[in-house]
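Residue numbering for the sequence shown is 1 to 242, as defined by the numbering used here.
All C-beta atoms, glycine included, are put in the ideal place defined by N, C-alpha and C.
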Amino acid sequence: MFFYTNPILIAAAVVPAILLLRYIYRKDALEKEPPRLLISLVARGIIATFLAMIAEGAGEWILGSFVPKGTIAYNALLYFGVVAFSEEGFKYMMLRHRTWKSPEFNCSFDGVVYAVFVSLGFALWENISYVSVYGLGTAAVRALTAVPGHACFGVFMGSWYGMARWHENYGDHERSKQYCRKALLVPALLHGCYDFIATINNSLFAVIFLVFIVIVFSSARRTVMRLSEDDRYIDGNGYFRQ
Numbered sequence: 001m002f003f004y005t006n007p008i009l010i011a012a013a014v015v016p017a018i019l020l021l022r023y024i025y026r027k028d029a030l031e032k033e034p035p036r037l038l039i040s041l042v043a044r045g046i047i048a049t050f051l052a053m054i055a056e057g058a059g060e061w062i063l064g065s066f067v068p069k070g071t072i073a074y075n076a077l078l079y080f081g082v083v084a085f086s087e088e089g090f091k092y093m094m095l096r097h098r099t100w101k102s103p104e105f106n107c108s109f110d111g112v113v114y115a116v117f118v119s120l121g122f123a124l125w126e127n128i129s130y131v132s133v134y135g136l137g138t139a140a141v142r143a144l145t146a147v148p149g150h151a152c153f154g155v156f157m158g159s160w161y162g163m164a165r166w167h168e169n170y171g172d173h174e175r176s177k178q179y180c181r182k183a184l185l186v187p188a189l190l191h192g193c194y195d196f197i198a199t200i201n202n203s204l205f206a207v208i209f210l211v212f213i214v215i216v217f218s219s220a221r222r223t224v225m226r227l228s229e230d231d232r233y234i235d236g237n238g239y240f241r242q
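(1) Output yes or no for whether 7 Å exceeds the beta carbon distance between A188 and E88.
(2) Quick one: Cα of S129 to Cα of R98, how far?
(3) Hey, would you say V118 sits closer than 7 Å to L95, going by beta carbons?
(4) Measuring CA to CA, which of L204, L185, A11 is closest to F90?
(5) Could you check what DSSP says for Y233 in three-state terms: helix, strand or coil?
(6) Classify T49 as buried or exposed, calling it buried when 16 or more other Cβ atoms lie within 10 Å of its own Cβ.
(7) Whose CA, out of I39, N202, V82, lies closest to the CA of M53?
(8) Could you confirm whether any beta carbon from chain B is found closer than 7 Å to the beta carbon of G81?
(9) Spell out a yes or no on whether the stretch 106-122 and the stretch 190-197 are touching, meaning 3 or more CB-CB pairs, one atom from each, closer than 8 Å.
(10) Cα separation between I62 and K27?
(11) Among P34, D230, C180, which has the Cα closest to the Cα of P103?
(12) Looking only at its own chain, which residues have a Cβ that is under 7 Å from the Cβ of F80, when we skip the five neighbours before and after it?
(13) Where do the N-terminal and C-terminal ends of the alpha helix (DSSP H) with C107 fall, by residue?
(14) Sorted by chain position, which residues of the same chain lie with C-beta nearer than 6 Å to Y179's C-beta, five sequence neighbours on each side aside?
(15) Give me the Cα-Cα distance between L41 and G111, rounded to the nearest whole angstrom.
(16) If you compare alpha carbons, which of A11, G45, P7, I10 is closest to H150?
(17) May I ask you to report which of helix, strand or coil DSSP gives N169?
(18) With a 10 Å radius around its C-beta and 16 neighbouring C-beta atoms as the bar for buried, classify E174 as buried or exposed.
(19) What residue range does the alpha helix (DSSP H) around I200 cover?
(20) Is it buried or exposed, E31, if we count other Cβ atoms within 10 angstroms and call 16 or more buried?
(21) Once the 5 residues before and after L38 are set aside, which same chain residues still bring their CB inside 6 Å of it?
(22) Where do the N-terminal and C-terminal ends of the alpha helix (DSSP H) with L77 fall, by residue?
(23) Would you say the beta carbon of F205 is closer than 6 Å to some non-hydrogen atom of the ligand HEM?
(24) Helix, strand or coil for G70? Go by DSSP, reduced to three states.
(25) By Cβ distance below 7 Å, which residues in the same chain neighbour F145 in space, the five residues on each side in sequence not counted?
(26) Here's a check: name, in chain order, each residue in its chain whose Cβ is nearer than 6 Å to the Cβ of G154, leaving out the five neighbours to either side.
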């Protein structure tokens, strides 16, 4: 394939994810996570892309058997149901499998770090696939939209996931389960909105999409700043600000 012989194209696909990974890593001020763990999370994010592709293919085929393609109903069910839950669901599955019982998951901000590394592993591989087919123009657009979008979904997933682990540690299993559900549902809803709005070919929806991503990106940044500053060991005492 073309991208195997074009280092500029590879760099255009990979660099945005690397810059965001570096940003999140630097925000983990209380206790840095070991590189082996972070690399394994990126790798699991890549694995999640393949699992999501299979699930999305099957889901799209089933959906197309019942709902006419190209309709608003079809697009809503496709992007909110099939695509959003396939992608965010497999990200969450990989995240939880690797980190929930890990002894290194000992700080509240770790949830954000872990979820973003999985999400950007997913985005990195997905970006290579798109850029290899559509070229540098697509790389520029996705560097400003899709890649940071995945990072933001990871931030929201990780914020709820970190709270779930904190409450689990204190024996509040019911609230921990509630936060685990939110760790999947919130990013899936945002992901569905992102895809659904982006695919409507209308000047008004182009403006709505721009406003949407500005709100999501700024909210994710504020969440990172707040949780980074409030980071604490989950086996310590004190109130975890929600």
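In short, the structure shows the following:
(1) Working through the sequence shown from its first residue, we reach residue 188 at position 188. Working through the sequence shown from its first residue, we reach residue 88 at position 88. Between A188 and E88, the C-beta spacing is below 7 Å.
(2) Position 129 of the sequence shown, counted from the start, is the residue given in the question as residue 129. Position 98 of the sequence shown, counted from the start, is the residue given in the question as residue 98. In a straight line, the C-alpha of S129 is about 25 Å away from that of R98.
(3) Mapped onto the sequence shown, residue 118 falls at position 118. Mapped onto the sequence shown, residue 95 falls at position 95. Their beta carbons are under 7 Å apart, which means V118 touches L95 by this criterion.
(4) By one-based count along the sequence shown, residue 90 stands at place 90. Considering only L204, L185, A11, the residue with the shortest C-alpha distance to F90 is L185.
(5) If you number the sequence shown from 1, residue 233 lands on position 233. Shown here, Y233 sits in a strand according to DSSP, grouped into three states.
(6) Sequence index remark: in the sequence shown, residue 49 carries index 49 (1-based). With 16 or more Cβ atoms within 10 Å of its Cβ, T49 is classed as buried.
(7) The residue labelled residue 53 in the question sits at position 53 within the sequence shown. Measuring from the Cα of M53, the nearest candidate turns out to be V82.
(8) Absent from the structure is chain B; it holds one protein chain and no more.
(9) The answer is no - the stretch 190-197 does not touch the stretch 106-122, with fewer than three Cβ pairs under 8 Å.
(10) Position 62 of the sequence shown holds residue 62. Position 27 of the sequence shown holds residue 27. Taking the straight line joining both Cα atoms gives about 42 Å.
(11) By one-based count along the sequence shown, residue 103 stands at place 103. Looking only at P34, D230, C180, the smallest Cα-Cα distance to P103 is reached by P34.
(12) On the sequence shown, position 80 is the one that residue 80 refers to. Apart from sequence neighbours up to five positions away, the residues of its chain that approach F80 with a beta-carbon distance below 7 Å are G192, F196, ordered along the chain.
(13) Translated into the one-based positions of the sequence shown, residue 107 becomes position 107. Taken as a continuous stretch (DSSP letters only), C107 belongs to no alpha helix (DSSP H), as it is neither H nor E.
(14) For the purposes of this step, residue 179 is taken as the residue at position 179 of the sequence shown. Sequence-distant Cβ neighbours of Y179 in its own chain, meaning closer than 6 Å and more than five residues away, are W160, M163, A164.
(15) Counting from one through the sequence shown, the residue named residue 41 turns up at place 41. Counting from one through the sequence shown, the residue named residue 111 turns up at place 111. Each residue's CA atom was taken as its position, placing L41 and G111 some 12 Å apart.
(16) Along the sequence shown, one-based indexing puts residue 150 at 150. Residue G45 is the option with its Cα nearest to H150.
(17) Residue 169 sits at position 169 when you count from the first residue of the sequence shown. When DSSP states are grouped into helix, strand and coil, N169 belongs to the helix group.
(18) Reading the sequence shown from its first residue, position 174 is the one you call residue 174. Burial call: exposed.
(19) One-based indexing of the sequence shown puts residue 200 at position 200. Per DSSP, I200 belongs to no alpha helix (DSSP H) and is neither H nor E.
(20) The sequence position of residue 31 within the sequence shown is 31, counting from 1. With fewer than 16 Cβ atoms within 10 Å of its Cβ, E31 is classed as exposed.
(21) Position 38 of the sequence shown, counting from 1, holds the residue named residue 38. These residues qualify, in order along the chain: F117.
(22) The count along the sequence shown starts at 1 and reaches residue 77 at position 77. In the DSSP annotation of this structure, L77 is not part of any alpha helix (DSSP H), being labelled neither H nor E.
(23) The ligand HEM is absent from the structure shown, which contains no ligand whatsoever.
(24) For the purposes of this step, residue 70 is identified with residue 70 of the sequence shown, where counting begins at 1. DSSP places G70 in coil when its eight states are reduced to three.
(25) The residue you call residue 145 lines up with position 145 of the sequence shown. In the sequence under discussion, the amino acid at residue 145 is Thr, which differs from the Phe named in the question. Here the set comprises I213.
(26) Walking along the sequence shown from the start, residue 154 turns up at place 154. Answer for G154: A115, V116, S119, listed in chain order.
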